[in-house]
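Peer 1: When we follow our numbering, the leftmost residue of the sequence shown carries the number 10, and every step to the right adds one.
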Amino acid sequence: MAKSTYRAISRKLPAGLAVESESRGFKVIMDEPTSLGGTNTGMNPVEALLAALGSCQCIAAAESAKSHDIDLKEFWVELEGDLGIDGCRRGDPNVRPGLQEVRFTMHIKTDASQDKVEAFQKLIESRCPVGDSLGKGVTIKPATIVIER
Numbered sequence: 010m011a012k013s014t015y016r017a018i019s020r021k022l023p024a025g026l027a028v029e030s031e032s033r034g035f036k037v038i039m040d041e042p043t044s045l046g047g048t049n050t051g052m053n054p055v056e057a058l059l060a061a062l063g064s065c066q067c068i069a070a071a072e073s074a075k076s077h078d079i080d081l082k083e084f085w086v087e088l089e090g091d092l093g094i095d096g097c098r099r100g101d102p103n104v105r106p107g108l109q110e111v112r113f114t115m116h117i118k119t120d121a122s123q124d125k126v127e128a129f130q131k132l133i134e135s136r137c138p139v140g141d142s143l144g145k146g147v148t149i150k151p152a153t154i155v156i157e158r
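(1) Quick one: what does DSSP say L143 is sitting in, helix, strand or coil?
(2) When DSSP labels each residue in this structure, what does G63 get in the three-state scheme?
(3) Give the range of the alpha helix (DSSP H) segment to which R136 is assigned.
(4) Mind checking which residues open and close the alpha helix (DSSP H) that includes G96?
(5) Run through DSSP, which three-state label would K150 get?
(6) Give the secondary structure of L58 by DSSP, where H, G and I count as helix, E and B as strand, and everything else as coil.
(7) Quick check on V147: buried or exposed, where buried means 16 or more other Cβ atoms within 10 Å of its Cβ?
(8) Work out the CA separation of E29 and A17 for me, nearest whole Å.
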């Protein structure tokens, strides 16, 4: 089985809760809104996760459209998810700290038939690695700790 390894580095910035993440020379700032103690300089990690899922689906659609005879004029995804705030912010052991559910709506502008679009939607979902990781789970290995002095 062929496999690619992806890498990223995330660093806490001096102000508030802001974090700069970098991969392949591209940088993203993530933060929390001021109402949650951040400086509101970027989307928070949960919003970025939703955006990653939507972006992955958009890329899968764009990559697959032509070979599946879909004239993809426009494509976008609206996403929302429910987070257990008491679990992540307050440490309540009875509330899961992660997303409980993610819902999304795919919007497609095309002349293709309803049946063809529904089959295409299933194909998009089946080829999205972010959706697969979220939906089927992924093993997260315990952290290795390096103490810098």
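Using N, Cα and C, we set each Cβ at its ideal position, and we do this for glycine too.
Peer 2: Let's see:
(1) helix
(2) Assigned with DSSP and collapsed to three states, G63 falls in helix.
(3) 123-136
(4) Note, G96: alpha helix (DSSP H), 94-97.
(5) The answer is coil: DSSP assigns K150 none of H, G, I, E or B.
(6) helix
(7) exposed
(8) 10 Å
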